[in-house]
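Chains as they are written, first to last, in this note's numbering: chain S, 1 to 160; chain V, 161 to 569.
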């Protein structure tokens, strides 16, 4: 006369805590709604109708860093913007990941000059670099899936 | 490097009224990371309750030093940097730069290349307006328009990719013409866009123009008069939305725009809704121009045959010693331009886009300066937002259609 009778035999699934947590993290990773330059347009393209990033559970872009897991640095980071970027990163709760989208965010790209930070990894730790100027939406999606692969391999001992 | 930093609120206090000092009004920081500032714009708002008393834009978060970088490159190679200024109008940036270089060294452009330039800049105008439509409606909480607009934008990006291999940063327009001839699929693909677009524009309008949720947020908001437009030196859809029928394609035609039959749409309200109506009509006019251009696309060369400035095609290099020398010289040293300064202007989707180019007799520009519509139009923010609600500020930013890459350079 309990729940068991209503649901029938559901069987048992055995897994590890690691797998469950990593699976849930990858399948609802919320990016920070944060665009800088040209790459932000392609990032919007990736979220729009043709490429539809929500297939990967990522349609929710949070405008607040407090609610987001992934920072996609889409575009060139100027010296004036770098402290702001770092502040946004510090405001994000753990666990958090950073994806450097495009050549400018990865290494400065064509702008080797006084104004642009030569790679956003000077400011924040980067997990995945996506090349291209700007990368195609497919390129961004590939970068995100690569990040998912990385997250799935995280160990319980690293969480602390 | 160490002295480039963010301006704190305290340092901007001299720009706000005395009431802010006594605490009667409140200072609110908006941006640079804000979903509705269309890039990294920072606004310092002085608020009386929820009413904006003053609005101080703080720009430079995307300052890229493009102009300085261009001084270190030859005329051909510097063009690659121009795409990334106003990334919604990369073809138009190439065009205005090439017009300036052509003016500086006296290059002629073949007719076919001119027609191709017109087709591409008009397609780019449509794609820029589509993205504006999507994002600014997103700011007004209309999500679906964004998805529809991006669907059509992908068709245009597909054409850009077809001709140049790149979706956004094409660098397809080169000094003396265009990079190479278009593939045979180009004309059918553009024809498809031309056929589809009028119906799609009507679809957007059916969702917005008479929608009360949209009109309540746009009509009577961010009003600017024609006189104020002139005082601030604004251009583009902002002034046409205020009833000024000024378009450089008509007033000072370039690339053969005088041969096309099109109208300059205007709307006399000067508010967000007026700018919206103008841009929708501009997309229709762009479709009209592309249709005419397709029908008159002549056969012939697409690049000038002036070998002192334009590299020879690959087929010539194998058989002609002179062509090989030209190829080598143009791609290593570049061409020398006279010690003169020129100014070229075009009508970008945002307004008057000009480039000032000064040669010093060598292969690299002495000074390049872009006069950009976003920078000029952004000045009107304090005027447009005065006495409006905070919620309307996002709509107003969207309506002047700024691209921060264009404003900060």
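Note that beta-carbon positions come from the ideal geometry of N, C-alpha and C, so glycine has one too. What you are looking at is a predicted structure, and each value in this text was computed from that prediction instead of being measured.
* To do: Report yes or no: do the region 487-504 of chain V and the region 282-292 of chain V share at least 3 C-beta pairs separated by less than 8 Å?
  => no
* residue 268/V by DSSP, collapsed to three states: which one? -> Locating residue 268/V in the second chain gives position 108, where the first residue counts as 1. Residue 268/V falls in the coil class under three-state DSSP.
* Members of the region 36-53 of chain S near chain V, C-beta cut-off 8 Å -> 36, 37, 38, 40, 41, 42, 44, 45, 48, 49, 50
* **Span of the alpha helix (DSSP H) around residue 215/V** => Numbered from 1 along the second chain, position 55 holds the residue referred to as residue 215/V. Careful: residue 215/V lies outside any alpha helix (DSSP H), inside the beta strand (DSSP E) at 211-218.
* Asked: Can you list, in chain order, the residues of the region 282-293 of chain V whose Cβ is nearer than 9 Å to any Cβ on chain S?
  -> 291
* By how many angstroms is the C-alpha of residue 479/V removed from the C-alpha of residue 47/S? -> Taking the first chain and counting its residues from 1, the one referred to as residue 47/S is at position 47. Taking the second chain and counting its residues from 1, the one referred to as residue 479/V is at position 319. Rounded to the nearest angstrom, the two C-alpha atoms are 50 Å apart.
* How far does the beta strand (DSSP E) with residue 518/V in it reach, from first residue to last? -> Position 358 of the second chain, counting from 1, holds the residue named residue 518/V. Counting along the chain, the beta strand (DSSP E) containing residue 518/V begins and ends at 511-519.
* **Straight-line Cα distance separating residue 96/S from residue 18/S** => On the first chain, position 18 is the one that residue 18/S refers to. On the first chain, position 96 is the one that residue 96/S refers to. About 17 Å.
* Mind checking residue 486/V: buried by the 16 CB within 10 Å criterion, or exposed? -> Locating residue 486/V in the second chain gives position 326, where the first residue counts as 1. With 16 or more other Cβ atoms within 10 Å, it is buried.
* Taking residue 78/S as the query, report the chain V residues whose CB atoms sit under 7 Å from its CB, ordered along the chain. => Translated into the one-based positions of the first chain, residue 78/S becomes position 78. Going along chain V in sequence order, the residues near residue 78/S (Cβ under 7 Å) are 221, 222, 223, 224.
* To do: Kindly identify the DSSP beta-bridge partner or partners of residue 62/S.
  => Mapped onto the first chain, residue 62/S falls at position 62. Residue 62/S is bridged to 32/S.
* May I have the straight-line CA-CA distance separating residue 196/V from residue 294/V, to the nearest angstrom? => Indexing the second chain from 1 puts residue 196/V at position 36. Indexing the second chain from 1 puts residue 294/V at position 134. Computed Cα separation, rounded: 12 Å.
* What separation, rounded to the nearest whole angstrom, lies between the Cα atoms of residue 217/V and residue 534/V? -> As a position in the second chain, residue 217/V is number 57, starting the count at 1. As a position in the second chain, residue 534/V is number 374, starting the count at 1. Using only the alpha carbons, I get a separation of about 12 Å.
* Asked: For residue 329/V, does the count of other Cβ atoms within 10 angstroms reach 16, so buried, or fall short, so exposed?
  -> Walking along the second chain from the start, residue 329/V turns up at place 169. By the 10 Å Cβ count, residue 329/V comes out buried.
* To which residues does DSSP link residue 78/S through a beta bridge? -> Numbered from its first residue, the first chain carries residue 78/S at position 78. DSSP output for residue 78/S lists 116/S as bridge partner(s).
* To do: Kindly indicate which residue of 350/V, 554/V, 243/V, 498/V has the alpha-carbon position closest to the one of residue 449/V.
  => To locate residue 449/V, count along the second chain from 1; it is residue 289. It is 350/V whose Cα lies nearest to the Cα of residue 449/V.
* With a Cβ-Cβ cutoff of 8 Å, do residue 194/V and residue 564/V count as a contact? -> To locate residue 194/V, count along the second chain from 1; it is residue 34. To locate residue 564/V, count along the second chain from 1; it is residue 404. For residue 194/V and residue 564/V, no; Cβs fall outside 8 Å.
* Where the beta strand (DSSP E) through residue 486/V begins and ends -> One-based indexing of the second chain puts residue 486/V at position 326. Run containing residue 486/V: none in the beta strand (DSSP E); it sits in the alpha helix (DSSP H), 481-492.
* Where residue 113/S meets chain V, residues with beta-carbon distance less than 9 Å -> As a working mapping, residue 113/S is identified with position 113 in the first chain. Correct list: 224, 225, 226, 228, 229, 232.
* Asked: If you draw a straight line from the alpha carbon of residue 454/V to that of residue 560/V, how long is it in whole angstroms?
  -> Reading the second chain from its first residue, position 294 is the one you call residue 454/V. Reading the second chain from its first residue, position 400 is the one you call residue 560/V. Taking the straight line from one Cα to the other gives about 31 Å.
* For residue 134/S, which of 90/S, 88/S, 32/S, 104/S has the nearest alpha-carbon? -> Taking the first residue of the first chain as 1, we reach residue 134/S at position 134. Ranking the options by Cα distance to residue 134/S, first place goes to 104/S.
* Answer yes or no: do residue 258/V and residue 192/V have a C-beta to C-beta separation smaller than 8 Å? => For the purposes of this step, residue 258/V is taken as the residue at position 98 of the second chain. For the purposes of this step, residue 192/V is taken as the residue at position 32 of the second chain. Going by C-beta atoms, residue 258/V is not nearer than 8 Å to residue 192/V.
* Asked: So, helix, strand or coil for residue 529/V, using DSSP?
  -> Position 369 of the second chain, counted from the start, is the residue given in the question as residue 529/V. It is a strand residue.
* Write down the C-beta distance between residue 401/V and residue 438/V rounded to the nearest angstrom, noting that I regard them as a contact closer than 8 Å. => Numbered from 1 along the second chain, position 241 holds the residue referred to as residue 401/V. Numbered from 1 along the second chain, position 278 holds the residue referred to as residue 438/V. That pair is a contact at about 5 Å.
* **Proximal residues of chain S, C-beta to C-beta of residue 116/V below 7 Å** => Residue 116/V is absent from the structure shown; chain V starts at 161 and stops at 569.
* To do: Within its chain, find whatever has a CB closer than 6 Å to the CB of residue 383/V; leave out the 5 residues flanking it on each side and keep chain order.
  => Residue numbering aside, residue 383/V sits at position 223 when the second chain is read from its first letter. Cβ within range, chain order: 430, 431.
* Among 318/V, 277/V, 256/V, which has the Cα closest to the Cα of residue 457/V? -> Your numbering for residue 457/V matches position 297 in the second chain. Ranking 318/V, 277/V, 256/V by Cα distance to residue 457/V puts 277/V first.
* Residues of its chain near residue 275/V, where Cβ-Cβ distance is below 8 Å and the 5 sequence neighbours each way are ignored -> Indexing the second chain from 1 puts residue 275/V at position 115. Counting only Cβ-Cβ distances below 8 Å, and skipping sequence neighbours, we find 416, 453, 456, 457, 458.
* Tell me the DSSP bridge mates of residue 100/S? -> Indexing the first chain from 1 puts residue 100/S at position 100. Per DSSP, 73/S, 129/S.
* Asked: What does DSSP give as the partner residues of residue 208/V in its beta bridges?
  -> Here residue 208/V refers to the residue found at position 48 when the second chain is read from its first residue. According to DSSP, residue 208/V bridges with 211/V.
* C-alpha distance - residue 251/V paired with residue 31/S, whole-angstrom precision -> The residue you call residue 251/V lines up with position 91 of the second chain. The residue you call residue 31/S lines up with position 31 of the first chain. Using only the alpha carbons, I get a separation of about 30 Å.
* Using three-state DSSP, classify residue 224/V as helix, strand or coil. => For the purposes of this step, residue 224/V is taken as residue 64 along the second chain, with counting starting at 1. Note: residue 224/V maps to coil in three-state DSSP.
* Asked: Is the number of C-beta pairs between the region 67-80 of chain S and the region 206-214 of chain V that are closer than 8 Å three or more?
  -> no
* Asked: Based on Cα-Cα distance, which residue from 206/V, 495/V, 219/V, 200/V lies nearest to residue 182/V?
  -> The residue given as residue 182/V occupies position 22 in the second chain. Answer by Cα proximity: 206/V.
* Specify, as a first and last residue, the run of the beta strand (DSSP E) that residue 189/V falls within. => Numbered from its first residue, the second chain carries residue 189/V at position 29. Taken as a continuous stretch (DSSP letters only), the beta strand (DSSP E) holding residue 189/V covers 186-190.
* Going straight from the alpha carbon of residue 225/V to that of residue 245/V, what length do you get? -> Position 65 of the second chain, counted from the first residue, corresponds to residue 225/V. Position 85 of the second chain, counted from the first residue, corresponds to residue 245/V. Roughly 10 Å separates the two Cα atoms.
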